[in-house]
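Enquirer: Structure in C-alpha cells, see below.
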Amino acid sequence: MLSHGHLLVFLLFAVAAGQLPSQDILSLLEFKKGIKHDPTGYVLNSWNDEAIDFNGCPSSWNGIVCNGENVAAVVLDNLNLSADADLSVFSNLTMLVKLSLANNSITGQVPSNIGDIAQLQFLDLSNNLFFGQLPDGIGNLKNLQKLDLSGNNFSGPIPGSVEGLASVQSLDLSHNSFSTPLPAALTKLSNLLYLDLSSNKFEKKIPRGFELITGLKILDLHDNLFDGGIDAEFFLLSNATFVDFSENLISSLGSQQERFLPAISDSIKYLNLSHNHLTGSLVSGGQMQVFENLQVLDLSYNQFTGELPGFNFIYGLEILKLGNNRFSGFVPSSLLKGDSLMLTELDLSGNNLSGTINMITSTTLQVLNLSSNGLTGDLPMLSGSCAVLDLSNNQFEGNLSRIIKWGNIEFLDLSRNRLTGPIPEETPQFVRLNHLNLSYNSFSGSLPRVLTQYPKLGVLDLRFNRLEGPFLPDLLSVPTLQELYLLGNSLTGLVGLPSTTSSLGPNLRVLDISHNRFDGYLPENIGLLTRLQVLNLAGNNLSGSLPTSLVTLDSLSSLDISQNNFTGGIPNNLSSILQSFNVSYNDLSGTVPDNLRMFPRSSFFPGNEHLDLPAGPSNAPEGNSTKRPSRTIIKVLIIIACVLAFLILILVALFVYYVLTRGSKTGRPINSKDVRRRVPSNPSSQVSAGAHSGGALLVTAGDLAASRKGSTSHEIVSPDEKSAVPVAAGFSPSKNSHTSWSPESGDSFTAENLGRLDVRSPDRLIGELHFLDDSINLTPEELSRAPAEVLGRSSHGTSYRATLDNGVFLTVKWLREGVAKQRKEFSKEARKFANIRHPNVVCLRGYYWGPTQHEKLILSDYISPGSLASFLYDRPGRKGLPLTWVQRLKIAVDVARGLNYLHFDRTVPHGNLKSTNVLLDGSDLNARVSDYCLHRLMTQAGTIEQILDAGVLGYRAPELAASKKPLPSFKSDVYAFGVILLELLTGRCAGDVISGEGGGVDLTDWVRLRVAEGRGSECFEAALLPEMANPTVDKGMKEVLGIALRCIRSVSERPGIKTIYEDLSSV
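Mapped onto mature numbering (1 follows the signal peptide of the UniProt record, and there is no 0), the consecutive letters of the sequence shown carry residue numbers -18 to -1, 1 to 1049.
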C-alpha cells in the first residue's frame, strides 16, 4: 500500500505527464458521499484513494471498469444501496460508456447536464426512487443505445428532445408516472427495436408513426390512459412482432367500427387489446385472413357483440382469448375441432353464448374455458389432449357418463350446472387429474371409492350436492390431496380415518365436511393430519369429547366445530396461529384456555352453558354473563368502580389544568397557522397530512389508571410495545386502551366512549416524512401537537383521527411492528399511491418512515360521517335511521365504481375490502373505499395475517383460505364485494352466525340456502320490507341479490368487477 506522501508524488507526476484525468476519481468519490447505506460494503469498503492503478484509473474499485486510464463503466446493480445521488458528477467522466445503478434505493433527479456524458451508450437507472421530470438535455446522448428508467417515480411529459437519441435501440420508461400525450418525437427514433411505456399515465390518442419504425419488434403501451381510436395503418404497416395496448380506454380501431380491422401486418404475432372499451363485432368468415399470421390474440374484457366467427384454417393461431365480452349465439364447432385450427388455449368465458356442445375433438387444445355462459344440453364428448376444462356456471344437464373417457384431464370444473345422477365409479383412467370441482349441482348417491385411486388428485370439491352414505376414510390417505370440500350434503355415519395411519393425509391442508349428518366421536388420530390448516366440522351430530390430539395440529389456522354435540373441555395449547375459531352450539364445559380468550364471545356462545369464559377485552359479554356472580361480589365491584371513577376524575381535572397552564406559559396561540395547505370548499373533505411524531396523541382511561401506579408522567407507547417506555420519535397512542367492538371501529375496537386528553410531545423528532402530492405541507412537530382519537384497529395496525391546529382532520394509520416491508420496497410501493385518485377512493397523502421498526405511518383523508358498517348493522352504535333502498343501491354502485377504477385503471386489487373500509362522505353519503392495496406495503406474513383476519370477519374468498401464501386478487375483491352486497340487503354483519332449523351458518351460506329453498325474499332486512311494496324496488332488490350471489361463486365462475359494475348501474 502506498503511503500518502508517495501517493501525492504519484498523482502530481501522473497529472504532469498528462496520464490521469483526475476528475474521474474525484467524481466517483463525490458520488460515494451520497451513499447512506451499503449493506454489503461493496462500494464503501473498496472506493478509496489508496486503490488506484499505476495509470491512474481505479479498476480495483468494485463496480468500476477501466479502459486504459479512463473509467469506462460504472456498474452497481442489485446492491440494495440507499443513496441520494447527484448524477451530474458523471458528466466529468468523459469516456464513460456504461452507467448502471439498477435495483437499488437511490433517489435523485436526472440532471440537466446529463447530455454531457457524450460517449454514454448504456444507461440503466431502473427500479430505484428517482423522481422529477426528464430534462431536455437527455436528447444530447447521441451514442446512447439502451435507456432504462423503469420502476421509478418520474413524472410529467417526455421532452421532445428525445428525438435526438438517434442511436437508441431499447427504451424502457415503464412503471413510472409520466403523463400527457406521447410526443411525436418518439416516432422519429428510427433505430428502435424495443419500446416499453407501460404502466404510466399517458393519455389521448396513440400518435401515428410507430408503424414507420421498420426495426421495432416490441411495442408495449399497456396500462395507460390512451383513449379514442388507433389508426388502422399501424396494424397494416407495423413490423413489430409483439404489440400490447391492453388496459387502456381505447374505443375503436380505425375509422370504421363495423369491421374489426381491415388487415393486420404479417409481422405481428402477439396482439393484446384486452381490457379496453372496444365495441362492435368481429369479422365474418370471408374476412378471417386478417388473423392468419397471429399466434396470440387477446380481446378479452371489452364490449364486443354479435356472433363468433369460426376462425377456420387460421393455422398459426395458438392462443385465442375472447372472454368477458358480450358475444352471443353458438360456439363455432370449428374452434373445437382439430382439422382447421392449431389452438392450444381458448377462452370464451363470461359471454352470452348458448346452445349445445356436442364434441371437442381438437388434438392440440390444452386449455378450454367456456365458463359463465348459457350453454345447455349434455356434457360434450371429449377426445384429444385437453388438460384444463372449465364448463362451470352454465346450464348443462344430464349425468357424468361422458366423462369416463376424458382421460387426459388435469383440471376439471363442472360446478354450478344442473347435473344429476351419481358420480360414476368407472373413471380409474384419470391418472393426471389434479383438480376436480363438481360443487353446486344435484349429484346423488354415495361417494365413489374410485376417488381414492386418482394418483395426482390435489383438490376435490363436492360441496352443495345431494350426496348420501358414509364418509370414505381412504380419501384422507390420498398422498397428493390438499383440499377436500364435502360441505352441504347429506353424508352420514362416522367420520372414520384409515386403519393404516402411516401415510395419513401427508399433504392435506383443508378438510371441510360441515353441514352433513355425521355422528359419533371425532377420532383421536385426527391429530395425524399434521399439515392441516383449515378444519370445519360444523353443522353435524358429532358428540363426545374433543380429542386431545388436536393440539398436535400446529399449522391449524381455522377450526370450526360449532353446531354439534361435543362435551367436555376445550383442549389446552391448541395451535398458536389460530385466526378463526368457533365452538358455539355445543355442550362444552370447563374454562376456556388462555390462548383462546382473544376470540369474541360468538366463538363460544350460544350453547355451552357450562363453559366459563373469563372476561377480556375482545370477549366482554354483551348482556348477562354465562355465570352470574354473587350479590356480595357485585356490591364490592360497584364500590371499587365508584372509587376508581372518582380518582380518575381528579386526575383528569389536574391534568387539564396542567395542560392549560403549560399552554398559556408557552405563549402559543390556540389557533396556530403553522399548517399550510390548500383547503377544499367542502369541510367534510378537508384533509391534511403529517408524520410519525414524537409524542402521545391519545390518553385513555387505561393510561390514566396506569399512571396511578407510581408514574409521574404519561409515557404512551406504540401499539406494538408491551410496556410504557418513552418514544423518541413516534405518533404514539396507547396500547392500553382496550375497548369493545362497534361497527365504527374497523374490526374489533371503538373510541366512542374513550376519555381523551391532549398531550404535548417532545420538540425534536427524527424520521422522514414523505408527501404523495403538493396539497399539504406539514412537519412531524406540527402533527405531534394534534390531539387524536382511535378510529379502529385491525390486523395491520391502528387508525386515528388527528385534529390539526387549523381544525382540519387527518386519518393516521400506524402500521404494527413487523408487517411493513423493508424501506426500499416500502418507499417504492408507497409512492405509487400518488397515482390513485378517484371520487370513490380515499386519497392517501403521505407516509412516514421512523428510525425504529414500529414507526411506520400512512396518512390519508379523513372521511365523515363514518363507515358503512356504522350505518348498517342493527345494534348499539348504529348511526341514524336505517338506510333506504335508494341509498343502499347508490352505495353499492359507488363501491363498484371505485373497485373498477382500482382494477382497470390502476391494475391493483383492493385486498382488504369490508364494510368498515367503505366510508360514507358528506350528507349525500357518497361511498369511498379505503385501506386499499396495503398488502403492497406489507410483508408476506402481514398479508397472510390480513387475509386471515378477513376470514374471521366473513370477507375472505374461499380460494384464499387454503393457500399457503395467499395474495389478494381481483377475484377475491369481487367475493368481498358480494358479501358487502349481502350486508346491504340483509342488514346483517358478515361475521354473524345465523341460527336456523339446521343450526347456525354464516351469512353467505344462509342466503344461499334461503335462495335454494325459494325463500330468498326472507333474507331482506325488515327495514326494507315497506319499500318492497313498490314493484320497482322489489325487482331491484332481487336483481342485486342475484348479482351478490354471482360475486360469491367459485373463483373460476366469479365475474369481473367491470361486469358487476355495469350490471349494478343498470338496476
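Ideal placement from N, C-alpha and C gives every residue a C-beta, glycine not left out. Since this is a predicted model, take the numbers as computed values, not measurements.
Can the beta-carbon of residue 156 be found closer than 8 Å to that of residue 179?
Expert: Taking the first residue of the sequence shown as 1, we reach residue 156 at position 174. Taking the first residue of the sequence shown as 1, we reach residue 179 at position 197. Less than 8 Å divides the Cβ of residue 156 from the Cβ of residue 179.
Enquirer: Quick check: residue 311 and residue 338, are their CB atoms within less than 8 Å of each other?
Expert: What you label residue 311 is simply residue 329 of the sequence shown in a count that begins at 1. What you label residue 338 is simply residue 356 of the sequence shown in a count that begins at 1. In this structure, residue 338 does not lie closer than 8 Å to residue 311 by Cβ.
Enquirer: What does the alpha-carbon distance come out to for the pair residue 405 and residue 133?
Expert: Against the sequence shown, residue 405 aligns to sequence position 423. Against the sequence shown, residue 133 aligns to sequence position 151. Near 52 Å, if we compare the C-alpha coordinates of residue 133 and residue 405.
Enquirer: Can you check the segment 75 to 112 for any beta strand (DSSP E) of at least 3 residues that lies completely inside it and give the ranges in chain order?
Expert: 80 to 82, 87 to 90, 104 to 106
Enquirer: Considering only DSSP beta bridges, list what residue 465 is partnered with.
Expert: Along the sequence shown, read from residue 1 onward, the residue named residue 465 stands at position 483. Beta-bridge partners assigned by DSSP to residue 465: 441, 492.
Enquirer: Compare the C-alpha of residue 900 against each of 887, 881, 890, 918 and name the closest.
Expert: Start at 1 with the first residue of the sequence shown, and residue 900 comes out as number 918. Closest option to residue 900, Cα to Cα, is 881.
Enquirer: Answer with buried or exposed for residue 31, where buried requires no fewer than 16 other C-beta atoms within 10 angstroms of its C-beta.
Expert: Locating residue 31 in the sequence shown gives position 49, counting from the first residue. When all chains shown are included, residue 31 counts as exposed.
Enquirer: So what does DSSP say about residue 596, is it helix, strand or coil?
Expert: As a first step, residue 596 must be located in the sequence shown, where it is residue number 614. Correct three-state label for residue 596: coil.
Enquirer: I'd like to know if the segment 244 to 258 and the segment 280 to 292 are in contact, where contact means that at least 3 CB-CB pairs between them fall below 8 Å.
Expert: Counting Cβ pairs under 8 Å, three or more are found: they touch.
Enquirer: Tell me which residues share the same chain as residue 709 and place their Cβ nearer than 6 Å to its Cβ, disregarding the 5 neighbours each side in the sequence.
Expert: Start at 1 with the first residue of the sequence shown, and residue 709 comes out as number 727. Here residue 709 scores only 29 on pLDDT, less than 50, and its place in the model is too uncertain to base an answer on.
Enquirer: Using a threshold of 8 Å, state whether the C-beta atoms of residue 855 and residue 752 are closer than that.
Expert: Within the sequence shown, numbered from 1, the residue matching residue 855 stands at position 873. Within the sequence shown, numbered from 1, the residue matching residue 752 stands at position 770. Not in contact: residue 855 and residue 752 (Cβ atoms no closer than 8 Å).
Enquirer: List the residues that DSSP assigns as beta-bridge partners of residue 830.
Expert: In the sequence shown, the residue the question calls residue 830 occupies position 848. Residue pairing for residue 830: DSSP places it in a beta bridge opposite 751, 839.
Enquirer: Quick one: residues in its chain with C-beta nearer than 6 Å to the C-beta of residue 44, no 5 flanking neighbours on either side, listed in chain order?
Expert: Translated into the one-based positions of the sequence shown, residue 44 becomes position 62. These residues qualify, in order along the chain: 24, 28.
Enquirer: Using only the alpha-carbon positions, how far apart do residue 1076 and residue 848 sit?
Expert: As shown, the chain starts at -18 and ends at 1049. That puts residue 1076 outside it, with no answer to give.
Enquirer: DSSP state of residue 43, grouped into three classes?
Expert: For the purposes of this step, residue 43 is taken as residue 61 along the sequence shown, with counting starting at 1. DSSP places residue 43 outside both helix and strand once states are collapsed to three, so it counts as coil.
Enquirer: Under DSSP, the alpha helix (DSSP H) around residue 1047 begins and ends at which residues?
Expert: The sequence position of residue 1047 within the sequence shown is 1065, counting from 1. Taken as a continuous stretch (DSSP letters only), the alpha helix (DSSP H) holding residue 1047 covers 1039 to 1047.
Enquirer: Using a Cβ-Cβ cutoff of less than 6 Å, which residues in the same chain neighbour residue 130 once the five nearest sequence positions on both sides are dropped?
Expert: Position 148 of the sequence shown holds residue 130. Same-chain partners within the cutoff: 106, 108, 154.
Enquirer: Go ahead and label residue 172 buried or exposed: buried means 16 or more other beta carbons lie within 10 angstroms of its beta carbon, across all protein chains shown.
Expert: For this step, residue 172 is matched to residue 190 along the sequence shown. Its Cβ having fewer than 16 others within 10 Å, residue 172 is exposed.
Enquirer: In chain order, what residues of the same chain lie with their CB nearer than 7 Å to the CB of residue 963, ignoring the 5 residues before and after it?
Expert: If you number the sequence shown from 1, residue 963 lands on position 981. Hits under 7 Å: 874, 1022, 1025, 1026, 1029.
Enquirer: May I ask you to report which of helix, strand or coil DSSP gives residue 883?
Expert: Residue 883 sits at position 901 when you count from the first residue of the sequence shown. Reduced to three states, the DSSP call for residue 883 is helix.
Enquirer: Under the rule that 16 or more other beta-carbon atoms within 10 Å means buried, what is residue 71, buried or exposed?
Expert: Stepping through the sequence shown from its first residue, residue 71 is reached at position 89. Residue 71 counts as buried, since no fewer than 16 other beta carbons sit within 10 angstroms of its beta carbon.
Enquirer: Quick check: what's the CA-CA separation for residue 866 versus residue 999?
Expert: Reading the sequence shown from its first residue, position 884 is the one you call residue 866. Reading the sequence shown from its first residue, position 1017 is the one you call residue 999. Approximately 17 Å, taken between the alpha carbons.
Enquirer: What are the residues that DSSP puts in a beta bridge with residue 288?
Expert: Counting from one through the sequence shown, the residue named residue 288 turns up at place 306. 309.
Enquirer: Given residue 219, which residues of its chain have a CB within under 6 Å of its CB, disregarding the five upstream and five downstream residues?
Expert: Here the question's residue 219 lines up with position 237 in the sequence shown. If we look at residue 219 and ignore the five residues flanking it on each side, its Cβ neighbours are 193.
Enquirer: For the beta strand (DSSP E) containing residue 960, name the first residue and the last one.
Expert: Position 978 of the sequence shown, counted from the start, is the residue given in the question as residue 960. Note, residue 960: premise wrong, no beta strand (DSSP E); alpha helix (DSSP H) at 952 to 968.
Enquirer: Residues bridged to residue 377 by DSSP?
Expert: Taking the first residue of the sequence shown as position 1, residue 377 is located at position 395. The partner list for residue 377 (beta bridge, DSSP) reads 358.
Enquirer: May I ask you to report which of helix, strand or coil DSSP gives residue 399?
Expert: Sequence index remark: in the sequence shown, residue 399 carries index 417 (1-based). In the structure shown, residue 399 sits in coil (DSSP, three-state: anything other than H, G, I, E or B).
Enquirer: Report the CB separation of residue 812 from residue 159 in whole angstroms; it is logged as a contact under 8 Å.
Expert: One-based indexing of the sequence shown puts residue 812 at position 830. One-based indexing of the sequence shown puts residue 159 at position 177. That belief does not hold up - the Cβ atoms of residue 812 and residue 159 are roughly 13 Å apart, past 8 Å.
Enquirer: What do you get for residue 657, buried or exposed, if any count of 16 or more other CB atoms within 10 angstroms of its CB means buried?
Expert: Indexing the sequence shown from 1 puts residue 657 at position 675. Unreliable placement is indicated for residue 657, whose pLDDT of 30 sits below 50; the coordinate value is still reported in the next sentence. Buried, because 16 or more other Cβ atoms sit within 10 Å of the Cβ of residue 657.
Enquirer: Would the beta-carbon of residue 423 fall within 8 Å of that of residue 401?
Expert: Here residue 423 corresponds to residue number 441 of the sequence shown, with the count starting at 1. Here residue 401 corresponds to residue number 419 of the sequence shown, with the count starting at 1. Contact: yes.
Enquirer: With burial defined as no fewer than 16 other Cβ atoms inside 10 Å of the residue's Cβ, what is the status of residue 295: buried or exposed?
Expert: Working through the sequence shown from its first residue, we reach residue 295 at position 313. Exposed, by the Cβ-count rule.
Enquirer: Give me the Cα-Cα distance between residue 79 and residue 102, rounded to the nearest whole angstrom.
Expert: In the sequence shown, residue 79 corresponds to position 97, counting from 1. In the sequence shown, residue 102 corresponds to position 120, counting from 1. One C-alpha to the other measures close to 4 Å.
Enquirer: Sort out for me which residues DSSP pairs residue 48 with in a bridge.
Expert: Taking the sequence shown and counting its residues from 1, the one referred to as residue 48 is at position 66. Answer by DSSP bridge pairing, in chain order: 53.
Enquirer: If the criterion is Cβ atoms closer than 8 Å, does the pair residue 379 and residue 349 meet it?
Expert: For the purposes of this step, residue 379 is identified with residue 397 of the sequence shown, where counting begins at 1. For the purposes of this step, residue 349 is identified with residue 367 of the sequence shown, where counting begins at 1. Contact: no.
Enquirer: Given this structure, state the Cα-to-Cα distance separating residue 1039 from residue 60, to the nearest angstrom.
Expert: Taking the first residue of the sequence shown as 1, we reach residue 1039 at position 1057. Taking the first residue of the sequence shown as 1, we reach residue 60 at position 78. Near 38 Å, if we compare the C-alpha coordinates of residue 60 and residue 1039.
Enquirer: State the start and end residues of the unbroken beta strand (DSSP E) segment that holds residue 780.
Expert: Here residue 780 refers to the residue found at position 798 when the sequence shown is read from its first residue. Run containing residue 780: 779 to 785, per the beta strand (DSSP E) assignment.
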